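Numbering-wise, the sequence shown is residues 15 to 136 according to this note's numbering.
We treat Cβ as the ideally placed atom computed from N, Cα and C, and that holds for glycine.
Note that the structure is a prediction, hence the values are computed from the model and not measured.
In what follows, a single structure is set out as structure tokens and then discussed.
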Amino acid sequence: MTREQGSDGFAIGFLLGAFVGAILTLLFAPASGEETRSQIRERSIELKGRAEDLGSEAARRAEELRARGQALLEEQKTRFEEAIAEGQQAAARKKEELLSQLENPPHSTARSVELTDDPAEA
């Protein structure tokens, strides 16, 4: 769990606790029924707004993380593709080098084959 996820969970728990505490306080406070209901309604609206703000913030952070992850993925994909292309080019160069050596062997190898006239010795 990251620090951001932990703080979001804490904030949500804090708001929920505040909401329950506010309702219990209002229910046990000496006030008229209408006044108590009005206070509960006002606190509910206030806490709903805070919860919406927290939800928006969590969504914004999630989008930021998604965007950063996508950018990192694209960067790594590009690096991987470049490495593959470089490997293919190096393999092609080595292949050409080896084919060239087979077609034009070094003189010492050709000379040693020419010096041996007897096929049994070769």
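Per-residue DSSP class, three states only, for residue i
{"i": "residue 46", "result": "coil"}
{"i": "residue 124", "result": "Per-residue confidence for residue 124 stands at a pLDDT of 49, beneath the threshold of 50, marking its modelled position as unreliable; no derived number is given."}
Cα-Cα separation, residue i to residue j
{"i": "residue 90", "j": "residue 81", "result": "14 Å"}
{"i": "residue 85", "j": "residue 23", "result": "27 Å"}
{"i": "residue 77", "j": "residue 101", "result": "36 Å"}
{"i": "residue 63", "j": "residue 83", "result": "30 Å"}
{"i": "residue 117", "j": "residue 87", "result": "45 Å"}
{"i": "residue 105", "j": "residue 111", "result": "10 Å"}
{"i": "residue 47", "j": "residue 65", "result": "26 Å"}
{"i": "residue 103", "j": "residue 79", "result": "36 Å"}
{"i": "residue 54", "j": "residue 33", "result": "9 Å"}
Contact belief for residue i with residue j at Cβ below 8 Å, rounded distance in angstroms
{"i": "residue 30", "j": "residue 68", "result": "So it is not a contact: roughly 11 Å between Cβ atoms."}
{"i": "residue 50", "j": "residue 41", "result": "7 Å"}
{"i": "residue 25", "j": "residue 57", "result": "Going by Cβ atoms, the distance from residue 25 to residue 57 rounds to 17 Å, so no, they are not a contact pair."}
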